[in-house]
Amino acid sequence: MSDRLKRQGATRRGLLGLGAAGLLGLTGCGFRPLYGEQGSLNSNSPVSAELAAVEVANVPERRGQLLRRALRERLWAGGQASPRYTLTTSLQIGTEPEGYRTDGLPTRVRYTVNASWWLVTRDAQPQIVLNGTERAVDAFNIPDNQFFAGDASSEAMMARLMERLADDIVTRLAVELQERSAV
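Count along the sequence shown from 1, then add 1431; that gives the number in my numbering.
Next up, the structure:
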């Protein structure tokens, strides 16, 4: 066996050992999965119960309905509980052409979507519990003379943006609710 192959094998073993030591170190520093012991939303953790108690308010237009559906899927992964909160979201969408043909028509469009959100109690005197703004950016190409392909690209891009925003909002909610329950 050549020296080069021996060094590669030693390097791989060293990296594997370093990775294993890093994972063991996480358990010693108090690392815990966000949603419970198994890291699943189906666990009986307080955060999962709080997330399941969030009702998602209607969001206007098709894009808003995509966001609402994605939020509900994430919040109610373990089943819906009796609502104690209402999550209200508002979308602001900006577009910017990125590429141009020689005749000046755009060939690529970038979308920037800002989602402002508020988590409000459902009491007689509603109070804002949490609020924030999440941002996602994506783009799609505008093909020449392929109108259906352009529409399909645009719709797929918008679905990706709404999924990304839902992930970000639910993660922020879970972290904030976990910190509140630890106090």
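Using N, Cα and C, we set each Cβ at its ideal position, and we do this for glycine too.
From a predicted model like this one, the values you see are computed outputs, not experimental measurements.
By the Cβ test, the stretch 1499-1517 is not in contact with the stretch 1527-1547, since fewer than three Cβ pairs between them sit closer than 8 Å. In this structure, the beta-carbon distance from A1484 to A1508 does not fall below 9 Å. Classified as exposed, T1538 has fewer than 16 neighbouring CB atoms from the shown chains inside 10 Å of its CB. Taking every protein chain shown into account, the CB of A1546 has 16 or more other CB atoms within 10 angstroms, so this residue is buried.
Bounds of the beta strand (DSSP E) holding G1530 are 1516-1531.
Residue range 1492-1506 is occupied by the alpha helix (DSSP H) that includes G1495. Inclusion of D1599 and A1567 in the CB contact set at 9 Å is warranted, their separation being smaller than that value.
Out of A1555, R1494, L1604, the CA that lies nearest to the CA of L1561 is found in L1604. Per the C-alpha coordinates, the member of T1519, V1606, Q1577, R1444 positioned closest to R1553 is T1519.
By alpha-carbon distance to G1563, the top candidate from R1505, Q1496, P1514, V1606 is V1606.
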